[in-house]
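As structure tokens, the structure follows; a few thoughts come after it.
Protein chains: 2
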Amino acid sequence: MFSKSCEYAIKAMIFIAQKTNEQTRVGVKEIANNTDTPEHFTAKILQELSKKKLVQSMKGPNGGFFMTKKNLGSSIADIVKAIDGDGIYKDCVLGLKACSEKNPCPVHFEFKEVKKNLISMIENNNIGTFKEKLEGGEFFLKNK
Amino acid sequence: MFSKSCEYAIKAMIFIAQKTNEQTRVGVKEIANNTDTPEHFTAKILQELSKKKLVQSMKGPNGGFFMTKKNLGSSIADIVKAIDGDGIYKDCVLGLKACSEKNPCPVHFEFKEVKKNLISMIENNNIGTFKEKLEGGEFFLKNK
DNA sequence: ATAATAGAAGATAAAAAACTCTTTTTATTT
DNA sequence: AAATAAAAAGAGTTTTTTATCTTCTATTAT
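Chains as they are written, first to last, in our numbering: chain F, 9 to 152; chain S, 9 to 152.
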């Protein structure tokens, strides 16, 4: 469904949301440890997310990544678009360049519904929602 | 969503369904040409599909691939499972090994619905349906 | 026998994922 | 202020996976 990079990005974003605010920050090592992702690869992804302003960062001692109120408003779709691009919005499931409403591939209309469903899910769930849900301890981000 | 192999497999299967029956067969070259897929790679995928009995094959002059009535009953899900495996059925969207109903990742229940929708679509559309639809010339498999 | 075709194995290429090392920035300490 | 150390940023490398191509073998209709 999503690339590994994107999976890592989503997990990292949810973890940062849960752990930080304007004052407290969290470092790459802690993020990686708590999301079961490779540290250096995660660092690279965080750079990208930071460059695209989905997350804030600060260098130096006690530096790290953190989120503002505004950042908590990012949807999963925003993360997916930042990392994997908008392929799931516009690409044909069978990879046909010319596939469109007027010139549809055999599965075009069937998948249209599936995609609509998927897209509405990722657009309607923002990072803030997970922060709240996680506070109840109902969810996990790490393999045991 | 699916791997390239899987995209090619679906297109090839639909093409074969459309063009053949127990008597007429179609060769790899023609399949590749008409589905915009790399010939040799497609040949390899067809070997796999043939080994798994999703499509029939015959060697020799006038040989090629073809489908029986039974083969027309294969669903897209059957093709996906044959080529990409059952990852979309069982893997966590965030790649968490330990994710389950009892131990869910943050997006588990949201994606459950999306997956259900996707799975029902690929299970309820079989190759035969496309054969009929294609006969009306409403769909295409090739970039222009 | 011959030629056309799929099957199989393996080589090569390209892309994605993962890791390493160096540089830059900046808060803290002196 | 200057020095130090912590941390992100960035560049570059290696490894792994996926995709593609090549070559050879087996089968079968003519």
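Backbone N, C-alpha and C fix where the C-beta goes; we use that ideal spot for every residue, glycine too.
Apart from the five residues on each side of it in sequence, which residues of its chain come closer than 6 Å, Cβ to Cβ, to residue 52(S)?
For residue 52(S), there are no CB contacts under 6 Å within the same chain when 5 residues up- and downstream are skipped.
Using DSSP's beta-bridge definition, name the partner residues of residue 31(S).
DSSP output for residue 31(S) lists no bridge partner at all.
When the Cβ atoms of the stretch 32-48 of chain S are set against those of the stretch 129-143 of chain F, are three or more pairs found closer than 8 Å?
Contact fails between the stretch 32-48 of chain S and the stretch 129-143 of chain F, because fewer than three Cβ pairs, one in each stretch, are under 8 Å apart.
Is DSSP giving residue 66(F) helix, strand or coil here?
Residue state, collapsed to three classes: strand.
Does the distance from the CB of residue 121(S) to the CB of residue 125(F) come in under 9 Å?
Contact flag set, yes.
Between residue 115(S) and residue 9(F), how many whole angstroms is the CB-CB distance? I'm expecting something under 8 Å.
At roughly 11 Å, the Cβ-Cβ gap does not stay under 8 Å, so residue 115(S) and residue 9(F) are not in contact.
List the whole-angstrom C-beta distance separating residue 68(S) from residue 136(S), where the pair is believed to meet the contact cut-off of C-beta under 8 Å.
27 Å between Cβ atoms; not a contact.
Count the other C-beta atoms from every protein chain shown that fall within 10 angstroms of the C-beta of residue 138(S), then say buried if there are 16 or more, exposed otherwise.
Classification for residue 138(S): buried.
Run through chain F and tell me which residues come within less than 8 Å of residue 112(S), C-beta to C-beta.
Close to residue 112(S), with beta-carbon spacing below 8 Å, are these residues of chain F in chain order: 146, 147, 148.
Any contact of the stretch 84-96 of chain F with the stretch 10-19 of chain F, i.e. 3+ C-beta pairs under 8 Å?
For the pair of segments examined, the stretch 84-96 of chain F was found to touch the stretch 10-19 of chain F: the number of CB pairs separated by less than 8 Å reaches three.
For the putative contact between residue 149(F) and residue 50(F), defined by C-beta atoms under 8 Å, what is the C-beta separation to the nearest angstrom?
So it is not a contact: roughly 12 Å between Cβ atoms.
Indicate whether at least one CB of chain F lies closer than 9 Å to the CB of residue 36(S).
Interface annotation, residue 36(S): not in contact with chain F, CB-CB separation never under 9 Å.
How long is the line joining the alpha carbons of residue 24(F) and residue 28(S), rounded to whole angstroms?
Approximately 55 Å between the Cα atoms of the pair.
Mind checking which residues open and close the beta strand (DSSP E) that includes residue 119(F)?
Under the DSSP assignment, residue 119(F) falls outside any beta strand (DSSP E), being part of the alpha helix (DSSP H) whose first and last residues are 116-132.
is_contact[residue 75(F), chain S] using C-beta, thresh 9 Å:
Not closer than 9 Å to any Cβ of chain S, the Cβ of residue 75(F) fails to qualify, so no.
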